[in-house]
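Below you'll find the structure, written out as structure tokens, and then a few comments.
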Amino acid sequence: MGRLRSIRLSLRFIAPLAITLALLAYGLVPLVDRLTLRWWVNDLDTRSQLIANTMHDQLADLVAQGAGPKINSLFMRAIQDERLYALAYCDETPTYPSSLGCRPPDPTGEGHSVVRLRQGPLHVVQHPVFQGTERLGSLILVHDMSFVERRSADTRRYLIGMFVVLGIVISLVTVFIAHLSWRGWVSGVRALLRGEGIVQPFGPASSSEDVHPLASDLRALLRDLDMTRRSRDQTANWSPEMLRGVLREQLLGDEVLVVSNREPFIHVRADKEIELLRPASGLVTALEPVMRACSGTWIAHGSGSADHSTVDRHDRLRVPPEKPTYTLRRVWLSPEEEKGYYAGFANEGLWPLCHIAHVRPIFRTADWEQYVRVNRRFADVVCEEARTEDPVVLVQDYHFALLPRMIRERLPGATIITFWHIPWPNPESFGICPWREELIAGLLGSTILGFHTRFHCQNFVETVDRFLEARIERESSTISYGGDLTRVEPYPISIQWPSEWANDQLPVALCRAKVLRVEQLQDDVLLGVGVDRLDYTKGIVERFLAVERLLELHPEYVGRFVFVQIAAPSRSSLEEYQHFESRVRTLAARINARFGRDGYQPIHLKVEHHPPQIVNEYYRAANVCVVTSLHDGMNLVAKEFIASRDDEQGVLVLSQFTGAARELHDALLVNPYHGEQCAEALYRALIMPADEQRVRMRSMRRLVQEFNVYRWAGAMLLDAARLRNRRRVSQRIVEHQREATPLPE
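Numbering (numbering that gives the first Met the number 0), first residue to last: 0 to 744.
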């Protein structure tokens, strides 16, 4: 009888609960549909605004010129996006529904509407097109919203299923508790309904003071998750406009300072004129388009022979010359400082230490003293250039390992993002450095410390664990040292997409004809290309040996295959680099003497600086690009080659010891120390069918386009924005607590 009574009482509770859950589900599903539609409409509004801003200037120029076919071509390229259904300047695209007209219905009066046609719901938004102050017309963007209905249907099914499962679970739990003690269960429910709380079996109920910190942490976590989700949703097509939006919205327009040894523009004297050069540097290739978007200040060593003649009295210069968008602040170093800090400690010590290239690092006390002095000099300049007490400072590379701590001591409110562009070795290797603790402590002055790969992050954390007394939180990738918290994260660097000369470059066929004419080659030659600084870490010797082995194994390619190696001179004053250049020239001459005949030479070695536009032409002309670095942080040559091939042809042979190999899985990955393997990869590249080349290249181009340099910078800046916001909230809480705490009498 007791069991039946408990079951009847349970059913009395379950029946109203089931009805309540059913009514709740019935009312909640339409609400979720409306909220989902509103969210997606807002997202599509933002997406449409970004697309319209990106296309506005080019469209306005084409409309003013009356270039109808070019407008249609522009629109057809844009609607390759899977969600962008149609574009129109009135009715330029053939897929634009004629029933919409040039002024789509706008029942909300907010510039957008959801229109339902036979093919499904469409999101329509209208943006004005101006030429100066004159309005030329309207750009209408139409997004396909059928995916919203599909996701809403899925959401309804999940909600209904969730309520059914929830009802069953609650019913089973209720019956189980009723079987154990129906009197205690009823008393507990009555106490709960009276607001007395649930009685704990081993003590009093938790107080609200105990719950509040947990609720606060949970809300903060949910906010971070929501920001991460939204930022991930919005990064499909990162652009300069989106990066500027991140700075404006997330960082509230805070000033951005970049510090690097290499400057983006170098002025040198050529006879009686001043010539402008852009250095062959992966760092400059990555950062220069970011600075154009950020409009900040770039602080760098002025190393050009005419740099003094081109700055103002504050050592500043607006760049780039054709369209100034940011400020270059040059820092002057004496020959002794440059020799000790740059050539000595940085490039004879840290560079070989961090690269597994079998070159012994050299450490001298005099070089270290110059390194400290120059880092302090740059810290002084950062403080001079900072207009606020909490700027965002991006410190670049191994030349400035001490700089983050120096800036932190003078600008404690600054957000310091340090990016280490080269690999970080294991603790045993880094332990060779006599000043290892000072370097690590300097880097831990950063708010965020970035590397190319997770593996390099782990090596750094292990190095800190080995040599410093610091608190390491591996799950959150943070290190606490000296009262400062540093977040260590991977941020794979990339390139600008599209390149700044993408619209002006010659077609692939003309590029190939031009390169073959310059190199004096036959039209049917198979062309390989390598582009590097003349550095022992780039595997140039191993590359030449692979070419030699290819010609040995496949003699039919003698006379048909030519490899052009563009090698920009680098660090020529260092003895190790002088020996390396001599070795490269000797090896190329030996291979050419062995296989050359009747004007044919298999290796064309070009030890000279080439402008980026010329290098791009070699990329577009080549059948295969070879990157055989012995150890590299990322290697942007691989990505530049991919970005240049809009014909979706060409093959990339890539060293497995580059950071790029962790992303570009459709390249032919090789071990550069294995000559036969590299030769076989070259042979496979030369015989690869066009269809396979297209599939591989299309996949890699999609990846480089999505993960471009703006996304790299945006990821770091978004993380910095979150940390800045948390710090500001924490400071306000501390200030509030201080104000609320009465002073002791």
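Where a beta carbon is used, it is the ideal one built from N, C-alpha and C, also for glycine.
What you are looking at is a predicted structure, and each value in this text was computed from that prediction instead of being measured.
By the three-class DSSP mapping on this structure, what secondary structure does residue i have?
i: P127; result: strand
i: I421; result: coil
i: C677; result: helix
i: P278; result: coil
i: F264; result: coil
i: C624; result: strand
i: I139; result: strand
i: V636; result: helix
i: G658; result: helix
i: E467; result: Just to set this straight, residue 467 is Leu in the shown sequence, not Glu. If DSSP states are grouped into helix, strand and coil, L467 belongs with coil.
i: R644; result: coil
i: G449; result: strand
i: V614; result: helix
i: Q395; result: strand
i: Y535; result: helix
i: D483; result: strand
i: W746; result: Examination of residue 746 is not possible in this model, given that the chain is present from 0 through 744 alone.
i: E488; result: strand
i: Y556; result: helix
For residue i, collect the residues of the same chain with a Cβ closer than 6 Å to its Cβ; drop the 5 residues on either side in sequence, then sort them by chain order.
i: P610; result: none
i: L438; result: A400
i: E274; result: V267
i: S643; result: N615, Y618, R619
i: S205; result: Because the pLDDT at S205 is just 41, under 50, the model does not fix this residue reliably, and the value given afterwards should be weighed accordingly. If we look at S205 and ignore the five residues flanking it on each side, it has no Cβ neighbours.
i: F362; result: G348, P433
i: I355; result: H630
i: A299; result: S259, E262
i: A63; result: Q130
Just mark residue i as buried or exposed, buried being the case when its beta carbon has 16 or more other beta carbons within 10 Å.
i: P288; result: buried
i: T387; result: exposed
i: P29; result: exposed
i: D232; result: Confidence at D232 is low in this model, with a pLDDT of 44, below 50, so the placement of that residue is unreliable and no value is reported for it.
i: R725; result: exposed
i: N41; result: exposed
i: R700; result: buried
i: W500; result: exposed
i: V164; result: exposed
i: Y157; result: exposed
i: D521; result: Reading the sequence as shown, one finds Gln at residue 521 and not Asp. Under this definition Q521 is an exposed residue.
Measure how close the beta-carbons of residue i and residue j come, nearest whole angstrom, since I'm counting them as under 8 Å.
i: Y397; j: C432; result: Contact doesn't hold; Cβ gap of about 11 Å is too wide.
i: V708; j: C624; result: Contact doesn't hold; Cβ gap of about 19 Å is too wide.
i: H126; j: S137; result: 7 Å
i: E580; j: V606; result: 7 Å
i: I732; j: M696; result: At roughly 53 Å, the Cβ-Cβ gap does not stay under 8 Å, so I732 and M696 are not in contact.
i: V626; j: R582; result: Contact doesn't hold; Cβ gap of about 20 Å is too wide.
i: F543; j: I590; result: 6 Å
i: L410; j: V373; result: Going by Cβ atoms, the distance from L410 to V373 rounds to 19 Å, so no, they are not a contact pair.
i: T414; j: L717; result: Wrong, their Cβ atoms sit about 12 Å apart, outside the cutoff.
i: T45; j: T154; result: In fact, because the Cβ distance is near 21 Å, the residues do not count as touching under 8 Å.
i: T477; j: L467; result: Actually they do not touch by this definition, with Cβ atoms about 14 Å apart.
i: L140; j: L83; result: 7 Å
i: V830; j: L667; result: Residue numbering for the chain in the displayed model covers 0 to 744; residue 830 lies beyond these limits and cannot be assessed.
Between which residues of its own chain and residue i is the CB-CB distance below 7 Å, once the five residues before and five after are set aside?
i: V614; result: V530, I565
i: R453; result: P489
i: G538; result: T627, S628, L629, S654, P671
i: S569; result: R532, L533, D534, Y576
i: L43; result: H122, H142
i: L602; result: Looking at the sequence itself, residue 602 is Ile, so the reference to Leu does not match. F543, V546, F562, Q564, A587, I590, N591.
Short of 8 Å in beta carbon distance, which residues of its chain neighbour residue i, apart from the five on each side in sequence? Order them along the chain.
i: Q730; result: none
i: A342; result: R570, S572, L573
i: A720; result: V245, Q249, L250
Problem set entry | Inter-stretch contact (C-beta, 8 Å, three-pair minimum) for the region 589-597 and the region 540-553 | Contact holds between the region 589-597 and the region 540-553, because three or more Cβ pairs, one in each stretch, are under 8 Å apart.
For this session: Check whether the region 651-659 touches the region 501-517, taking contact to mean three or more Cβ pairs, one atom from each stretch, closer than 8 Å.
Result: Contact fails: fewer than three Cβ-Cβ distances are below 8 Å.
Exercise. Given 8 Å as the limit, is there contact between the region 241-259 and the region 286-302, that is, 3 or more CB pairs closer than that?
Worked result: Between the region 241-259 and the region 286-302, the count of C-beta pairs closer than 8 Å reaches three or more; the two stretches touch.
Problem set entry | Cβ contact check for the region 472-479 and the region 492-505: 3 or more pairs under 8 Å | With a cut-off of 8 Å, the region 492-505 and the region 472-479 do not count as touching, because too few Cβ pairs lie within range.
Exercise. Using 8 Å as the threshold, is the region 628-640 in touch with the region 678-697, meaning 3 or more CB pairs across them?
Worked result: No, because fewer than three Cβ pairs between the region 628-640 and the region 678-697 fall closer than 8 Å, the two stretches do not touch.
Problem set entry | the region 665-674 / the region 710-720 touching (three or more Cβ pairs under 8 Å) | Put simply, the region 665-674 does not touch the region 710-720. Fewer than three CB pairs are less than 8 Å apart.
Problem set entry | Touch test, the region 342-353 against the region 362-369, Cβ-Cβ under 8 Å, three pairs minimum | They touch, by the three-pair rule.
For this session: Inspect the CB distances between the region 370-390 and the region 418-429 and report whether three or more fall short of 8 Å.
Result: No, the region 370-390 does not touch the region 418-429.
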